[in-house]
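A.B. asks: First residue of the sequence shown? That's 152 in my numbering, and the numbers climb one at a time after it.
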Amino acid sequence: MISRLSTPTKTTGDAIKEVTNLADCHETAARLAELIHKDGAGEWPPRSNYDYSAWPAALRPYMDIYHEMKDLLPAAKPSLVDDENRIRIDFFRARHAKLLEDRVELPAVTALLQAADAGRWDAFPRDVYNGFYCCIAWHRHAYRWGTIPSVRPAQLELSLPLPPSLITPWNHLQSHFGLTSDAGNIMSNIVLNFSPSSRYQFRINSGLPSQILSSEEEFSRVLRGVEGGAMPIYLGIIRAILAYARGDMESCLVHTKSISEGLRPVLAEYYDRVHDKTIARSAWLSHVQGFYAWGMGYQDEETGEWIKWDGLSGNQVMLFQAVDAFLGMEVYLGEQARMGNVPRLQREFCEAVGRASFRGQLGSEGVEGGIRGEMGEIVKRLRVFRSAHRSRAKEYLLVPAPERLPMTAGKSLLKAGMEESLEFLDAFMVGRLQQTV
Ligand code: HEM
């Protein structure tokens with residue numbers, strides 16, 4: 152009887168409608184509906200608007216300056232001489248800062264951001280807000296590194312004063328998204344970096360050979376694609392939780408099954424693309440990953456403590472946090488990294504899922520045993536992902552990058568050599584794999 156029950160595969164649009172309809176039924180649905188409506192500008196993955204004519208005039212200089220600076224950022228082959236790199240970085244930053252100072256009217260930009268803070272989304276539509284967030288994130292990371300591949304002199308900087316036109320908007324945007332970091336995150340730099348017609352917007356390696364360009368873009372497409380296929384899974388999570396709360400175990404079983412089935416195509420985004428043919432190993436470490444790092448900080452005036460910010464990591468992708476929470480697993484990220492890099496509404500959705508996780512209360516017989524079994528299928532899929540990720544990540548990280556010190560975007564500077572650094576990184580991946588039971 153149970154096998155006859157199945158949910159037809161939902162499209163993202165159908166799933167969004169259903170989540171919205173369920174918003175009054177459970178806090179998980181309420182939190183996700185709020186996330187879609189606000190941060191998603193009505194869609195998921197979130198919608199960004201890069202139509203120049205839709206951008207308020209005060210913001211357009213940021214788009215113009217991106218176009219003027221983008222070809223100056225990358226070097227096909229980085230110099231290995233620190234002094235030469237220093238000159239290159241200083242030149243880029245000076246020119247970047249000058250253009251920003253000459254063209255951006257910060258009071259007008261601030262007025263727009265204040266209008267958004269006050270809920271005046273007519274003046275600053277949410278999809279434009281998202282596009283602007285991504286644009287500022289590009290500018291900040293470009294200024295931080297001054298040249299791509301990231302090179303040793305920039306890596307050794309402990310802190311860096313950024314131009315005011317990159318600080319004031321960032322503080323508003325981060326506060327809006329409930330984030331504390333100076334660095335960008337998977338949302339700001341990657342997921343939002345696509346137009347509604349799926350055009351990749353802000354580039355790191357503009358003007359370089361096509362293999363580098365496509366490796367950069369494909370990497371972003373994997374991360375966008377994972378979030379792009381996740382909505383039916385989120386709906387399955389909410390439906391399973393609701394069914395359990397109502398004591399409807401058969402329906403709970405169906406929805407739990409839909410989660411493990413939904414994971415298959417979503418994880419295929421990773422399996423099918425994170426390999427040398429699509430994302431060239433020779434391009435990724437130097438030309439892609441370095442841009443997404445941050446690795447700088449500041450001294451907290453009150454406590455005297457040194458606060459350091461890391462950049463992007465796949466560990467910020469909401470799908471994994473939501474599914475882990477559904478299984479009742481402990482949170483992967485530490486508090487500082489979560490508050491810094493995972494937007495507040497995403498955190499709140501995952502926290503609500505974690506509170507409603509019922510796996511520990513399931514019996515082992517009958518339908519409840521069946522639900523346990525389906526949860527086991529989800530665990531299996533995650534374990535396969537985590538094992539594959541562990542070996543693929545190593546292949547990408549072990550590529551020589553003589554222009555720089557060992558570094559990952561998400562964990563900043565590492566040990567003196569990449570082999571030793573890998574032990575440190577592997578501990579995170581193995582640790583999570585062991586917790587995935
Ligand atoms: C090929 C490039 C990649 C490399 C070299 C890499 C490397 C790493 C490393 C070293 C960690 C452990 C340290 C940390 O938490 O930051 C990690 C964690 C993680 N990465 Fe990646 N990553 C890559 C791409 C991706 C992609 C494309 C995704 C998602 C689609 C992803 C998802 C995750 C997740 C979810 C974690 C948290 C640990 C876990 O859940 O197992 N990574 N990655």
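From the three backbone atoms N, C-alpha and C, an ideal C-beta is built for every residue, glycine too.
(1) On the criterion of 16 or more Cβ atoms from any shown chain inside 10 Å, does M152 qualify as buried, or is it exposed?
(2) Answer yes or no: the CB of I287 versus the heavy atoms of the ligand HEM, is any distance below 8 angstroms?
(3) When the Cα of A269 is compared with those of E308, E502, H327 and I522, which residue comes out closest?
(4) Tell me the DSSP bridge mates of P225?
(5) Measuring CB to CB, does D190 end up less than 9 angstroms from R254?
(6) Within its chain, find whatever has a CB closer than 6 angstroms to the CB of L224; leave out the 5 residues flanking it on each side and keep chain order.
(7) Alpha carbon to alpha carbon, how far is W195 from H177? Give it in angstroms, no decimals.
(8) Any heavy atom of the ligand HEM closer than 8 angstroms to the beta-carbon of D475?
(9) Determine the extent of the alpha helix (DSSP H) in which I318 is found, giving its start and end residues.
(10) Does the ligand HEM have a heavy atom nearer than 8 angstroms to the CB of I430?
(11) Would you mind stating whether L186 and F500 have Cβ atoms separated by less than 9 angstroms?
(12) Can you find a heavy atom of the ligand HEM that lies under 8 angstroms from the Cβ of R630?
(13) To the nearest whole angstrom, what separates the beta carbons of S411 and R537, a pair I think is in contact under 8 angstroms?
(14) Could you tell me the distance, in whole angstroms, from the CA atom of D475 to the CA atom of T587?
(15) Please indicate yes or no: does the CB of W321 lie closer than 8 angstroms to some heavy atom of the ligand HEM?
(16) Are the stretch 398 to 405 and the stretch 505 to 519 touching, with three or more C-beta to C-beta distances below 8 angstroms?
(17) For the alpha helix (DSSP H) containing Y395, name the first residue and the last one.
(18) Counting C-beta neighbours from all protein chains within 10 Å, is the total for K408 16 or more, i.e. buried, or is it exposed?
(19) Do L584 and M569 have their beta-carbon atoms positioned less than 9 angstroms apart in this structure?
(20) At a cut-off of 8 angstroms, would you count R537 as near the ligand HEM, judging by its Cβ distance to the nearest heavy atom?
(21) Spell out the partners DSSP gives G448 in its beta bridges.
C.D. replies: With the structure as the only source:
(1) Because the pLDDT of M152 is 36, which lies under 50, any placement of that residue in the model is unreliable, and the number read from its coordinates should be weighed accordingly. Of the other Cβ atoms in all chains shown, fewer than 16 fall within 10 Å of the Cβ of M152; this residue is therefore exposed.
(2) Every heavy atom of the ligand HEM is 8 angstroms or more from the Cβ of I287, so no.
(3) Minimum Cα distance to A269 is reached at H327.
(4) Looking at the DSSP assignment, P225 forms a beta bridge with I299.
(5) Not a contact, by the Cβ cut-off of 9 angstroms.
(6) Annotation for L224: A293 and I299 place their beta carbon closer than 6 angstroms to its own, counting only its chain and skipping 5 residues before and after.
(7) Each residue's alpha carbon lies about 19 angstroms from the other.
(8) It does: the Cβ of D475 is within 8 angstroms (strictly closer) of some heavy atom of the ligand HEM.
(9) P315 to H327 is the extent of the alpha helix (DSSP H) around I318.
(10) Result yes, Cβ under 8 angstroms from the ligand HEM.
(11) Yes, Cβ-Cβ distance for L186 and F500 is below 9 angstroms.
(12) Because the chain in this structure spans residues 152 to 588, residue 630 falls outside the shown range and cannot be described.
(13) Rounded to the nearest angstrom, the Cβ distance from S411 to R537 is 15 angstroms, too far for a contact under 8 angstroms.
(14) Taking the straight line joining both Cα atoms gives about 8 angstroms.
(15) Every heavy atom of the ligand HEM is 8 angstroms or more from the Cβ of W321, so no.
(16) The stretch 398 to 405 makes contact with the stretch 505 to 519; the number of CB pairs closer than 8 angstroms reaches 3 or more.
(17) Residues M382 to A396.
(18) Buried, since its Cβ has 16 or more Cβ neighbours within 10 Å.
(19) L584 is positioned such that its CB atom lies no closer than 9 angstroms to that of M569.
(20) The ligand HEM approaches R537 closely enough that one of its heavy atoms is under 8 angstroms from the residue's Cβ.
(21) Residue pairing by DSSP puts G448 in a beta bridge opposite K459.
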